[in-house]
Every structure is written in structure tokens, then in C-alpha cells.
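Student: Quick one: the structure is below, and I'll ask about it shortly.
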Amino acid sequence: MIERIKLLREEISSITPESGEDAEKFRIKYLSRKGLVSLLFDEFRNIPPEEKKEIGKLLNLLKEEAQSKYQLLKSISEKTLSVTKENDLTRTSFPISLGTRHPISIVRNEIIEIFSRLGFTISEGPEIEDDDHVFTSLNFAPEHPARDMQDTFYISRLSQEDSSPDDILLRTHTSSVQVRVMQSTPPPIRTISPGRVFRNEAISARAHCIFHQVEGLYIDKNVSFADLKQTLLYFAHEMFGRDTKIRIRPSYFPFTEPSGEMDVSCRICKGKGCNVCKYTGWLEILGCGMVHPNVLESCNISSTEFTGFAFGMGIERLAMLKYQINDLRLFFENDKRFLDQFRSYI
Ligand code: PHE
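The sequence shown begins at 2 in the working numbering and counts up one residue at a time.
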């Protein structure tokens with residue numbers, strides 16, 4: 002028996018992982034219930050007691066060696082398994098479908114990119130605002146219709162009859178961020194503020210109660226309407242192409258004087274007239290104007306020393322023009338078939 006144990010120990014020690022030995026086959030052959038090592042242990046029960054000490058020692062050695070060989074074979078075969086089945090760099094890749102950016106984010110990033118080239122920084126403000134930042138500091142008369150409950154979502158209103166600067170509401174435009182920036186930063190100021198705004202409107206293809214705007218503000222000494230016009234012309238060329246024309250029509254906003262609305266030439270019909278531009282050749286894209294002296298003063302900026310311009314545009318409107326989308330609701334429905342159509346690197 003001593004001789005058989007010796008032979009088996011030699012046999013096991015000669016087995017190497019390189020010889021392609023399978024760990025499971027090894028276990029079955031030597032260590033399983035009917036394996037060669039186990040059979041020797043069975044025989045051990047019947048040998049005379051005086052031999053037990055020596056043979057028992059040898060058997061234990063054999064068993065230890067067989068078990069550690071098994072562990073070695075097992076760990077090596079696991080490694081090769083993970084290399085061949087999981088990390089095989091030559092295998093064809095899974096078709097991973099990448100997510101897409103939302104068209105509103107794409108257009109917002111594009112606007113930010115264009116204005117940052119002109120040195121505009123980005124500023125943000127809260128969506129839940131007070132009447133002071135959304136209306137009062139922006140020169141809205143106390144009874145101005147924009148404060149009406151029909152347009153504004155009030156969260157808490159101090160008095161049912163009159164609005165108070167402390168009323169809490171959802172901002173109806175990003176112009177509230179202008180106020181916050183002017184109150185906290187001494188001029189020169191050159192900033193844009195992208196953000197979400199809320200108006201109490203019935204949801205339809207052309208209107209929604211949530212939408213996005215980008216506000217622009219430039220305050221310095223000697224800022225003129227010509228600066229505003231040049232800035233917006235640059236923006237229109239970058240956004241819609243070099244052949245785009247702009248026109249600015251007189252308009253009214255309480256916080257700018259003079260105020261204007263800017264149109265760009267219709268990029269679909271190139272100004273000839275089509276149903277997108279309602280046969281006018283022009284598409285309105287933003288409101289703008291010179292910051293009203295009352296607004297500067299309410300934010301503690303001297304209106305004799307400084308002038309500035311501001312503008313505000315709806316991101317949905319620009320995205321609709323850019324991608325020829327005719328229903329605003331599509332932006333908010335998160336239909337994957339719609340969203341999958343947009344690709345962007347910014
Ligand atoms: N806040 C205006 C709006 O929501 C847009 C605007 C911004 C107009 C800045 C002039 C200057 O319609």
C-alpha cells in the first residue's frame with residue numbers, strides 16, 4: 002500500500018495546468034467518493050493497527066497534495082474561462098444603443114456655445130421666485146396684466162386684491178435672473194441665463210405651461226442699440242446660417258426701452274413665403290431692448306453711468322424652427338421614437 006500511495010503522489014505531482022488537465026476531471030478521478038484517493042482511505046480501515054501510523058501520515062499527505070493540485074487547476078481554468086468567454090477582444094461587439102440628447106438640450110447648448118464665444122457667462126436663478134424679481138424690479142406697473150392669475154402660477158399670495166413684492170410664484174420668464182445678477186454683480190455684466198419658465202396656459206400644439214428660455218444681459222458704459230443689433234445678427238448667422246437676414250420690429254416690454262422683437266428670414270422658403278412663416282418670409286424668434294433706466298436703478302446700478310441691452314428667446318420655438326417640429330407637446334411626451342431622431346456632440 003505504501004508503494005501505491007507513493008506512485009499516486011508522483012502521478013499527481015506530475016500533473017500540470019499546461020498539460021491541459023481539466024479540474025473537474027481531476028476531482029472525479031482522485032477526490033470524488035469513488036476516486037483513487039478515497040478508495041485508499043477505504044482500504045486504510047482494514048490494515049493492521051501497527052501500520053496505521055505510518056500509512057495514515059502518507060495518506061494525509063496524498064490527500065493534501067491532491068486537494069491543492071485541484072485548487073490550482075480550478076483557479077487556472079477559471080482565469081482562462083474569463084479571458085476567453087468574457088474578455089475576448091476579438092469578438093464582435095454587442096449592438097449597444099446610445100442614449101440621445103433631448104432636442105431642447107441640444108438647442109440650449111448651441112445657444113450657450115454661440116454666446117460664450119462673445120464672452121457671455123452663464124447665470125442661473127430659482128424657478129420658484131417672488132413677485133419682486135419677476136415683476137416689480139422689472140418695472141411692471143402694479144396692475145400690469147402679466148401679473149394676472151391667468152398667466153402666473155402663484156404659490157402663495159399675500160393679498161387677494163393686490164400683488165405684493167413678497168408673493169411667491171413660478172417665474173414666468175428668465176428676466177428674473179437679470180435682476181438677481183444686477184443686484185449681486187457690479188457692471189460690466191455680460192451673461193446669459195438659460196432656464197425653465199411657467200405660464201398658466203392651456204396646453205396645445207403651440208403653447209405649453211412649461212417651456213424654456215434663454216435670457217441675455219449686457220451692461221457697461223456706452224452700450225448702444227447698435228451693439229444689441231450686432232450681437233443678435235452674429236447669433237442669427239451662427240444659429241441659422243450666414244445667409245440669414247434679421248429685422249427688428251418695435252415692441253413693448255416694461256423692462257426695456259426702446260423694445261423690439263426680432264425676426265429672422267424664413268430658412269425653409271428663404272424669404273419667398275411658405276406656410277411655416279405664414280407667407281411673410283419672416284419668423285419671430287426673440288424679444289429685446291435697451292434695459293429700462295428704472296430697472297437699472299431698482300438694482301442699484303446708476304442709469305446715468307451705465308446702459309445695457311437685454312434679450313430673451315424661447316428654446317422650444319428655436320428647436321421647432323431648426324428641426325421643423327410642428328407640435329410643442331412632442332418635447333414633453335418623452336416618446337422614444339421622437340427622441341431617437343436627434344443626435345448631437347454638444
Ligand atoms: N422676458 C421676455 C418674455 O418672456 C423676453 C425679453 C427678455 C424681452 C429681455 C426683452 C428683453 O417674453
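For each residue, glycine too, the CB sits at the ideal point set by N, CA and C. Quick caveat: nothing in here was measured; it's all calculated off a predicted structure.
Identify, in the order they occur along the chain, each residue of the same chain with its Cβ nearer than 7 Å to the Cβ of residue 134, setting aside the five sequence neighbours on each side.
Tutor: Taking the first residue of the sequence shown as position 1, residue 134 is located at position 133. Result list for residue 134: 177, 180 and 181, in chain order.
Student: Whose C-beta lies closer than 7 Å to the C-beta of residue 307 among residues of the same chain, with five residues either side of it excluded?
Tutor: Position 306 of the sequence shown, counted from the start, is the residue given in the question as residue 307. Counting only Cβ-Cβ distances below 7 Å, and skipping sequence neighbours, we find 188, 220, 221, 222 and 297.
Student: Kindly provide the ranges of any alpha helix (DSSP H) runs that are 4 or more residues long and lie completely inside the segment 77 to 152, ordered along the chain.
Tutor: 104 to 118 and 132 to 135
Student: Just to confirm, are residue 13 and residue 66 a CB contact at a threshold of 9 Å?
Tutor: Within the sequence shown, the letter at position 12 stands for residue 13. Within the sequence shown, the letter at position 65 stands for residue 66. A contact, by the Cβ cut-off of 9 Å.
Student: Check whether the Cβ of residue 345 lies closer than 9 Å to any Cβ atom in chain D.
Tutor: This model lacks chain D altogether, as it is built from one protein chain only.
Student: Nearest-angstrom Cα distance between residue 225 and residue 304?
Tutor: Here residue 225 refers to the residue found at position 224 of the sequence shown. Here residue 304 refers to the residue found at position 303 of the sequence shown. Their Cα atoms are separated by approximately 13 Å.
Student: Nearest to residue 175 by alpha carbon, out of 256, 167 and 268?
Tutor: As a first step, residue 175 must be located in the sequence shown, where it is residue number 174. Here the closest residue by C-alpha is 256.
Student: On the CB-based measure, 16 or more other CB atoms within 10 Å of its CB, does residue 204 come out buried or exposed?
Tutor: Walking along the sequence shown from the start, residue 204 turns up at place 203. So residue 204 ends up on the exposed side.
Student: List in chain order: all unbroken alpha helix (DSSP H) runs of 4+ residues lying wholly within the segment 294 to 327.
Tutor: As far as the segment 294 to 327 is concerned, its whole alpha helix (DSSP H) runs of at least 4 residues are 294 to 299 and 316 to 324.
Student: Which one or two residues does DSSP pair with residue 263 in a beta bridge?
Tutor: Along the sequence shown, read from residue 1 onward, the residue named residue 263 stands at position 262. BP columns for residue 263 point to 249 and 287.
Student: Taking DSSP's pairing of strands, which residues face residue 217 in a bridge?
Tutor: Indexing the sequence shown from 1 puts residue 217 at position 216. Residue 217 is bridged to 193 and 312.
Student: Within the continuous beta strand (DSSP E) that includes residue 171, where are the two ends?
Tutor: Within the sequence shown, the letter at position 170 stands for residue 171. Note, residue 171: beta strand (DSSP E), 169 to 171.
Student: So is residue 140 buried or exposed if we call it buried at 16+ other beta carbons inside 10 Å?
Tutor: Numbered from its first residue, the sequence shown carries residue 140 at position 139. The residue in question, residue 140, is buried, as its Cβ has 16 or more Cβ neighbours within 10 Å.
Student: Can residue 126 be considered in contact with ligand 1, in the sense that its beta carbon sits closer than 8 Å to one or more heavy atoms?
Tutor: The residue you call residue 126 lines up with position 125 of the sequence shown. It does not: the Cβ of residue 126 is nowhere closer than 8 Å to a heavy atom of ligand 1.
Student: Take residue 246 and list the residues in its own chain whose beta-carbon comes closer than 6 Å to its own, dropping the five residues that flank it on each side.
Tutor: If you number the sequence shown from 1, residue 246 lands on position 245. The answer, listed in chain order, is 266.
Student: So residue 109 packs on residue 316, CB below 8 Å; how close in whole Å?
Tutor: Taking the first residue of the sequence shown as position 1, residue 109 is located at position 108. Taking the first residue of the sequence shown as position 1, residue 316 is located at position 315. Indeed they touch by this definition, with Cβ atoms about 5 Å apart.
Student: Would you be able to state if there are at least three C-beta pairs under 8 Å between the segment 183 to 201 and the segment 232 to 245?
Tutor: no
Student: Counting C-beta neighbours from all protein chains within 10 Å, is the total for residue 260 16 or more, i.e. buried, or is it exposed?
Tutor: Numbered from 1 along the sequence shown, position 259 holds the residue referred to as residue 260. By the neighbour-count rule (16 or more Cβ atoms within 10 Å), residue 260 is buried.
Student: Could you work out which residue in 198, 77, 156 and 158 is closest to residue 126 when comparing CA atoms only?
Tutor: Your numbering for residue 126 matches position 125 in the sequence shown. When each option's Cα is compared against that of residue 126, the closest is 198.
Student: Just the C-alpha distance for residue 104 and residue 145, rounded to the nearest angstrom, thanks.
Tutor: Position 103 of the sequence shown, counted from the start, is the residue given in the question as residue 104. Position 144 of the sequence shown, counted from the start, is the residue given in the question as residue 145. In a straight line, the C-alpha of residue 104 is about 34 Å away from that of residue 145.
Student: Within this structure, are the beta carbons of residue 209 and residue 339 separated by less than 9 Å?
Tutor: For the purposes of this step, residue 209 is identified with residue 208 of the sequence shown, where counting begins at 1. For the purposes of this step, residue 339 is identified with residue 338 of the sequence shown, where counting begins at 1. It is not a contact, given that the beta carbons lie outside the stated cut-off.
Student: Determine the contact status of residue 122 and residue 153, defining contact as a CB-CB distance below 9 Å.
Tutor: Indexing the sequence shown from 1 puts residue 122 at position 121. Indexing the sequence shown from 1 puts residue 153 at position 152. Not closer than 9 Å, so no.
Student: Is it buried or exposed for residue 168, if we count other Cβ within 10 angstroms and need 16 for buried?
Tutor: Against the sequence shown, residue 168 aligns to sequence position 167. Buried, by the Cβ-count rule.
Student: Taking the continuous beta strand (DSSP E) assigned at residue 155, which residues delimit it?
Tutor: On the sequence shown, residue 155 is found 154 positions in, with the first residue counted as 1. Residue 155: member of the beta strand (DSSP E) spanning 155 to 157, first to last residue.
Student: Just to confirm the assignment, what range does the alpha helix (DSSP H) spanning residue 231 have?
Tutor: Translated into positions along the sequence shown, residue 231 becomes position 230. From DSSP, the alpha helix (DSSP H) with residue 231 extends over 226 to 241.
Student: Give a yes or no on whether the C-beta atoms belonging to residue 164 and residue 132 are separated by under 9 Å.
Tutor: Against the sequence shown, residue 164 aligns to sequence position 163. Against the sequence shown, residue 132 aligns to sequence position 131. Closer than 9 Å, so yes.
Student: If you follow the alpha helix (DSSP H) that residue 23 is in, where does it begin and where does it stop?
Tutor: Here residue 23 is taken as the residue at index 22 of the sequence shown, counted from 1. Residue 23 -> no alpha helix (DSSP H), and no H or E assigned at all.
Student: On the DSSP letters alone, give me the boundaries of the alpha helix (DSSP H) that residue 4 sits inside.
Tutor: Your numbering for residue 4 matches position 3 in the sequence shown. Looking at the DSSP string, the run of the alpha helix (DSSP H) that includes residue 4 is 3 to 15.
Student: Which stretch, first to last residue, makes up the alpha helix (DSSP H) that contains residue 40?
Tutor: Here residue 40 refers to the residue found at position 39 when the sequence shown is read from its first residue. Unbroken alpha helix (DSSP H) run through residue 40: 37 to 45.
Student: Relative to the C-alpha of residue 284, which residue among 70, 218, 273 and 202 is closest?
Tutor: By one-based count along the sequence shown, residue 284 stands at place 283. Nearest option by C-alpha distance: 273.
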